[in-house]
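Structure first, commentary second.
Residue numbers (full-length UniProt numbering): 1 to 291.
Shown next, in the form of structure tokens:
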């Protein structure tokens, strides 16, 4: 008979709905059938992985660079036929919910992230196999946040400025001007995503106007302070993934006759709000096609 609905859901472990190393990941797989359904295998998987992929043009040849890393992988068998593939197990007609429990390894793993040419994902996937030709699948991601206070590759990393999202940054500039006109400093947030695969590296950068300061009179020496609010959508800085990293800088620019600028390392600490928002769980309803 027909599998009409298949979904996988997880239970939140805290108010934010974010998982970390050592947490218990539990939930249920729900299946709805319209009659007795023969099953070869029915299982749920939990997986944490990172993947980098980009295309590179070298003359007329186009190459692709790919790298993957698996942080953990677990399977829980819900139903397995005893004769290895004859479909001897049966799910009766109606709605059925099957619980599962996994324990996330208590090791250093990077937070969930999706960048220009790479992503770090943590997911649950349910798969119901009726035959080699008839396999039903559904998948949902769960947000993951590293436990590392400073997610760097080593403790020798130097933090010049460290802020959490929602915090404000006070930028103090001491400027000596010998220009003949009034100038206004501009502040930019510079994002740098770095990806590595096959001993190659590719970088994606993005600059966003952070704010503007008060005008500074010509032929003066002044100290200016500008308070800047950290955008709420920023992902925290991280260096604890061997295939990708995310870093920020604060750039101050003076649009004078000779453009002057200075860049300061800026570390955004974890507790980013977008990690707290669970993506809508994906449910799949199967319908018979005419004919």
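Cβ coordinates follow ideal geometry from the N, Cα and C atoms, glycine included.
Cβ shell of residue 226 (< 7 Å), same chain only, five flanking positions each side left out: 171, 187, 211 and 213
Supposed close pair residue 26, residue 101 - CB separation, criterion 8 Å: 4 Å
Nearest-angstrom Cα separation, counted from residue 262 out to residue 228: 16 Å
Spatial distance of residue 135 from residue 208 (CA atoms): 46 Å
Span separating the alpha-carbon of residue 70 from that of residue 120: Straight-line spacing of the CA atoms in residue 70 and residue 120 works out to 10 Å.
Cβ pair residue 235, residue 117 closer than 8 Å: no
Spatially closest choice to residue 311 from 53, 240 and 40, by CA coordinates: Only positions 1 to 291 of the chain appear in this structure, which leaves residue 311 out of reach.
Cα-Cα separation, residue 266 to residue 89: 58 Å
Test item: CB-CB of residue 107 and residue 126 under 8 Å: Cβ distance not < 8 Å, so residue 107 and residue 126 don't count as in contact.
With 16 other Cβ atoms within 10 Å as the buried cut-off, status of residue 114: exposed
Beta-bridge partners of residue 77, as assigned by DSSP: Answer is 43.
Simplified DSSP assignment, three categories, for residue 295: Outside the modelled stretch of the chain, which goes from 1 to 291, sits residue 295, for which no answer is possible.
Same chain, Cβ closer than 6 Å to residue 193, five either side skipped, listed in chain order: 115, 116, 204 and 246
Endpoints, the beta strand (DSSP E) within which residue 35 is located: Run containing residue 35: none; DSSP gives neither H nor E here.
Beta carbon of residue 76 nearer than 8 Å to that of residue 39: no
Three-state class that DSSP yields for residue 60 in the structure shown: coil
Those residues which DSSP pairs with residue 67 across a bridge: Residue 67 pairs with 52.
Residues of its chain near residue 105, where Cβ-Cβ distance is below 8 Å and the 5 sequence neighbours each way are ignored: 21, 22, 71 and 72
Entirely enclosed beta strand (DSSP E) segments - the region 86-116, minimum 3 residues: 89-91 and 94-103, all fully within the region 86-116.
Collapsed DSSP secondary structure at residue 160 in the structure displayed: Note on residue 160: pLDDT 45, under 50, position unreliable in the model; the coordinate value appears next. Coil.
Contact under 8 Å by Cβ, residue 269 with residue 249: no
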